[in-house]
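Residue numbers (the UniProt record's numbering): 1 to 1039.
See the structure below:
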């Protein structure tokens, strides 16, 4: 019998938890060297010294485990359990990454960059691909039943498809870009051997656009956050009772914090508003997207946003709602003192914190430098509610809702020549000033341009040479600006200095205008050193050459995609769309599988490839000669000392190449055009010969050539000397590219250091652009400078509707001007007259004249003297709101109620046909009640068009019947005015008289309008008969 040998294991496998102690179990029991399992000795016979294993835990505790507690005997002959296998198909790394991103960014469409294409995978390809007009195929991968649905498009068409996804379909899009793979050499990593890694660099939403080409350059792209008062995250004191909750929901005065920004310009605003004014603020701001914190999901404000059909996104903020200090890192340098002195309300801070948190999340780590928040106050601007904004067609048309379309005030008055100036003009028109000083400063600048025609022409010419520096600077702050953007910024800086010089050479003589111009020019910083640095560093000719090459590549990729789409592409080139810079692991995997199983009687694909070299991948995208003949450097050699040295080094190695080429020509004795040193993506640096008969390859440098491929008329060789020299050339070029990027980065840093001055300069240019455009407009239309004061009178002589006048002028027709003196002796004008005679036009034109005046523009009138208006209200035309289950009459009454609740003594109200949506008696009564409330309680300026002629007598009777018996002393009167129809008794014809006169017109001439509209003659005749009978009936009743 062999001697028993006890082995004590040294490698622990896992720990077992016991009730009172912890012991180690080992991967095998003490082993015995025996002939068979039946000859095992009794464990009790083992030496007691060996029968106990002592496990020490530090110096103070010992745990003893008896050997008897450890299982004895031979190992079981049963097979070991299988290792756990991953669930589902096993995808290549790029596909697995896409799958992970789709899961992580579940609310987004994920676009993955693969070489020269962006691709969609899995269910997103099947769902979104058809919406984008893309063919959906299947990408073969390793493993049975693991084919993946996919669709894709060329990388340079990204903006086109983003427009569809983000702007048209309002989807969120995550962009996964390619980066050098840091784990390429790590054999343990799944991405071992792959050149590229991919990660999501940005999430694009409708409200977070930066520089996408489909952005409207003339409109701000605002992202708004709404935070109601009393939200749980900022107000946890006490629990609201049910009655208090109901009362709160009905209270329109509940404060609401607003914060909004334009990520493309860096503009950032906050405001404290109210629940009742939320709709008005939405109409004024016009956000593309509204962010609401998850804590506010079940609030009344969210219901209002849903009723407004606003695009909403719920977000859980990573910034504490009251932590305003967290804003500092996201704002331009030096913003903290401004934050500490603006006195933000807690709702504003909460809204701003949520907004900034949302933007940080979508930018995925991009730096951001916004302007310090500007705190807006309703006292500083005229309020124009959403109904009035739509009725007056300030920015959008009522018919189709097109922003800045034909028929809008913005389109009519726009003479700006810059994009940023147009955006600011839109802001001014929707938020006119209430400060007389600010308005007069703007008017003084306009007057200066009108009085200096040559200055006006010169300034507009120089403004056309500028670029959208607001958006350019913001791109720089986000680390996205390129060399073209820097050149555009430099041109803008130089043009700005030219504008300053020109305006200084033509200063106004009027003291008020001189002060305005001087103050404006003092705000402009001279940044010529920065501009000179950019111009001297960047090679604009090289940039143009680079764009030409990029356009050629884009055209070739488009042709490649078209060929694949039409099925005319050779099979070996279908499926990937990569350039020479990327490799598709899936495609390589498929090739490997096919190479493993060559068909009998045929050469395998691997052998075919070795025998007959095919065109390298990416050959269609980058031609071989391009790398040798064309090198578009974007920086001048003298942009930095290092760059100058690197270019000299490249010149030296290129000279060595010329010497090598001369030696080859001498030794080969072939024509110059038949031999060349080239580079190809697959073969690298090669000697290329175009000749059926080869030269003597046994002598000189040619003797070292190694053949790597040939065809009927060409031969390719590896030449060691050229391989080494070519590598040196590539190294020199890479060093130059790296240095160019370093110089570019340093220039961008200088731009960021001057970001505040650049933004201030851009704001001044916008003001100059708007003022000069107002001057052009005034000269074109014969407009006059309005007189603004703090009174409540509205005195306009010869007023005109700017949009209607332009439309008639285009048709060769003239516009009839009208006077308006409401708010002076008469606070209300009741206007009667026939349909289509211009009552609504008169109402709207006076509201628009007021808006233009407080914007700082001249106005379409012969004379205008206007008291500052705090709010403009309109009740002109209504329609059913089926979404809210509201009838036409209900909509009309809600709009009217809103006016009566909010109008003040300084408000201007226009109302058309109040009470028309119900019976004549009820409508007349309601119109009378509304009219009296406006006259007696609100005391505001009112233009009231109606067909209820009796309202005139009713209203004029109130003057001696004021509630409380106080009489009408000190209260203004109600005036009656009308339009007419002129009839020709001889011919039976008639025409409208659009000129207003004092009095009441009892005839609406509705049947005449119906006949013009094309009602059948029988219907018109019947209507006339009914009208005669009704008149006779009324006259009989009166008798």
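Each residue gets a CB set at the ideal place from its N, CA and C atoms; glycine is no exception.
Buried or exposed (CB count within 10 angstroms, at least 16 for buried), residue 576
Counting from 1 along the chain shown, the entry for residue 576 is found at position 576. In this predicted model, residue 576 has a pLDDT of only 39, less than 50, meaning its place in the structure is not dependable; the value taken from the coordinates is given anyway. Under this definition residue 576 is a buried residue.
Under 8 Å, with one C-beta from each stretch per pair, do the stretch 188-199 and the stretch 210-228 reach the 3-pair mark?
no
State the Cα-Cα distance for the pair residue 133 and residue 100, rounded to the nearest angstrom.
Taking the chain shown and counting its residues from 1, one reaches residue 133 at position 133. Taking the chain shown and counting its residues from 1, one reaches residue 100 at position 100. Residue 133 and residue 100: Cα-Cα distance of roughly 25 Å.
Do you know offhand how far residue 951's Cα is from residue 805's?
Mapped onto the chain shown, residue 951 falls at position 951. Mapped onto the chain shown, residue 805 falls at position 805. Rounded to whole angstroms, residue 951 to residue 805 spans 31 Å at the Cα level.
Rounded to the nearest angstrom, how far is the Cβ of residue 215 from that of residue 209, given a contact under 8 Å?
The residue labelled residue 215 in the question sits at position 215 within the chain shown. The residue labelled residue 209 in the question sits at position 209 within the chain shown. Confirmed, about 5 Å.
Which residue comes first and which comes last in the alpha helix (DSSP H) that contains residue 678?
For the purposes of this step, residue 678 is taken as the residue at position 678 of the chain shown. It is not in any alpha helix (DSSP H) - residue 678 instead sits in the beta strand (DSSP E) that spans 675-680.
Whose C-alpha, out of 919, 152 and 200, is nearest the C-alpha of residue 102?
In the chain shown, the residue the question calls residue 102 occupies position 102. Residue 200 is the option with its Cα nearest to residue 102.
From which residue to which residue does the alpha helix (DSSP H) around residue 851 run?
Sequence index remark: in the chain shown, residue 851 carries index 851 (1-based). That run of the alpha helix (DSSP H) goes 839-855.
Determine the direct distance from the alpha carbon of residue 423 to that of residue 472, and round the result to whole angstroms.
Here residue 472 corresponds to residue number 472 of the chain shown, with the count starting at 1. Here residue 423 corresponds to residue number 423 of the chain shown, with the count starting at 1. Distance between the alpha carbons of residue 472 and residue 423: 15 Å.
So, for residue 694: in the same chain, excluding its five sequence neighbours on each side, which residues have a beta-carbon less than 7 Å away from its beta-carbon?
Residue 694 sits at position 694 when you count from the first residue of the chain shown. Same-chain partners within the cutoff: 715.
At least 3 beta-carbon pairs within less than 8 Å: the stretch 112-121 vs the stretch 149-161
yes
So the alpha helix (DSSP H) residue 745 belongs to, where does it begin and stop?
Position 745 of the chain shown holds residue 745. From DSSP, the alpha helix (DSSP H) with residue 745 extends over 720-753.
Could you tell me how far apart the beta carbons of residue 388 and residue 770 are, in whole angstroms, since I believe they sit closer than 8 Å?
Taking the first residue of the chain shown as position 1, residue 388 is located at position 388. Taking the first residue of the chain shown as position 1, residue 770 is located at position 770. Actually they are not in contact, since the Cβ atoms of residue 388 and residue 770 sit about 22 Å apart, beyond 8 Å.
Run through the DSSP bridge pairs and tell me what residue 1028 is partnered with.
In the chain shown, counting from the first residue as 1, residue 1028 sits at position 1028. In DSSP, residue 1028 forms no bridge with anything.
Beta-carbon within less than 8 Å of residue 253's beta-carbon, same chain only, minus the 5 sequence neighbours each way: which residues are those?
In the chain shown, the residue the question calls residue 253 occupies position 253. Excluding positions up to five away in sequence, the list reads 274, 275 and 276.
Who does residue 271 pair with in a DSSP beta bridge?
Indexing the chain shown from 1 puts residue 271 at position 271. Residue 271 pairs with 258 and 376.
With DSSP as the reference, label residue 264 as helix, strand or coil.
Taking the first residue of the chain shown as position 1, residue 264 is located at position 264. Looking at residue 264 - three-state DSSP - the assignment turns out to be coil, as it is neither helix nor strand.
State the DSSP-derived secondary structure class of residue 365, mapped to helix, strand or coil.
Locating residue 365 in the chain shown gives position 365, counting from the first residue. DSSP places residue 365 in coil when its eight states are reduced to three.
Bridge-paired residues (DSSP) for residue 975:
As a position in the chain shown, residue 975 is number 975, starting the count at 1. 829.
Thinking C-beta only, is residue 440 closer than 8 Å to residue 788?
Residue mapping note: residue 788 aligns to position 788 of the chain shown, counting from 1. Residue mapping note: residue 440 aligns to position 440 of the chain shown, counting from 1. In contact: residue 788 and residue 440 (Cβ atoms closer than 8 Å).
Whether residue 844 touches residue 801 by CB criterion (8 Å):
Numbered from 1 along the chain shown, position 844 holds the residue referred to as residue 844. Numbered from 1 along the chain shown, position 801 holds the residue referred to as residue 801. Closer than 8 Å, so yes.
Do you know how far the Cα of residue 646 is from the Cα of residue 732?
On the chain shown, residue 732 is found 732 positions in, with the first residue counted as 1. On the chain shown, residue 646 is found 646 positions in, with the first residue counted as 1. Residue 732 and residue 646: Cα-Cα distance of roughly 7 Å.
Complete beta strand (DSSP E) runs within the stretch 144-204 (minimum length 3 residues, chain order)
148-154, 172-180 and 196-204
Examine the Cβ distances between the stretch 497-511 and the stretch 536-556 and report whether three or more of them are shorter than 8 Å.
no
With a threshold of 6 Å on Cβ separation, who are the neighbours of residue 492 within its own chain once the five nearest residues in sequence on each side are excluded?
To locate residue 492, count along the chain shown from 1; it is residue 492. If we look at residue 492 and ignore the five residues flanking it on each side, its Cβ neighbours are 466, 467 and 469.
In three-state DSSP terms, what is residue 861?
Indexing the chain shown from 1 puts residue 861 at position 861. It is coil, neither helix nor strand.
Residue burial classification, residue 179 (beta-carbon count within 10 angstroms, cutoff 16)
For this step, residue 179 is matched to residue 179 along the chain shown. Classification of residue 179: exposed, given that the 10 Å Cβ count is below 16.
Are the beta-carbon atoms of residue 1040 and residue 946 separated by less than 8 Å?
As displayed, the chain neither begins before 1 nor continues past 1039, which places residue 1040 out of reach and without an answer.
Does the distance from the C-beta atom of residue 939 to that of residue 926 stay below 8 Å?
In the chain shown, counting from the first residue as 1, residue 939 sits at position 939. In the chain shown, counting from the first residue as 1, residue 926 sits at position 926. It is not a contact, given that the beta carbons lie outside the stated cut-off.
Is it right to say residue 765 is buried, meaning 16 or more other beta carbons lie within 10 angstroms of its own, or is it exposed?
For this step, residue 765 is matched to residue 765 along the chain shown. Looking at its Cβ environment, which holds 16 or more other Cβ atoms inside 10 Å, residue 765 is buried.
Cβ shell of residue 315 (< 8 Å), same chain only, five flanking positions each side left out:
As a position in the chain shown, residue 315 is number 315, starting the count at 1. These residues qualify, in order along the chain: 291, 292, 293, 294, 354, 357, 358 and 361.
Could you compute how far the alpha carbon of residue 929 sits from the alpha carbon of residue 958?
Residue 929 sits at position 929 when you count from the first residue of the chain shown. Residue 958 sits at position 958 when you count from the first residue of the chain shown. Using only the alpha carbons, I get a separation of about 12 Å.
Runs of alpha helix (DSSP H) lying entirely within the stretch 437-521, each at least 4 residues, in chain order:
453-463, 469-477 and 483-504
Only counting the same chain, and skipping five residues up and downstream in sequence, which positions put a Cβ closer than 7 Å to that of residue 1009?
Taking the chain shown and counting its residues from 1, one reaches residue 1009 at position 1009. Result list for residue 1009: 835 and 836, in chain order.
Measuring only the C-alpha atoms, how far is residue 746 from residue 475?
Here residue 746 is taken as the residue at index 746 of the chain shown, counted from 1. Here residue 475 is taken as the residue at index 475 of the chain shown, counted from 1. Going by the C-alpha atoms only, they are around 15 Å apart.
Go through its chain and collect everything with a Cβ distance to residue 403's Cβ below 7 Å, but skip five positions before and after it.
Translated into positions along the chain shown, residue 403 becomes position 403. Counting only Cβ-Cβ distances below 7 Å, and skipping sequence neighbours, we find 219, 395 and 396.
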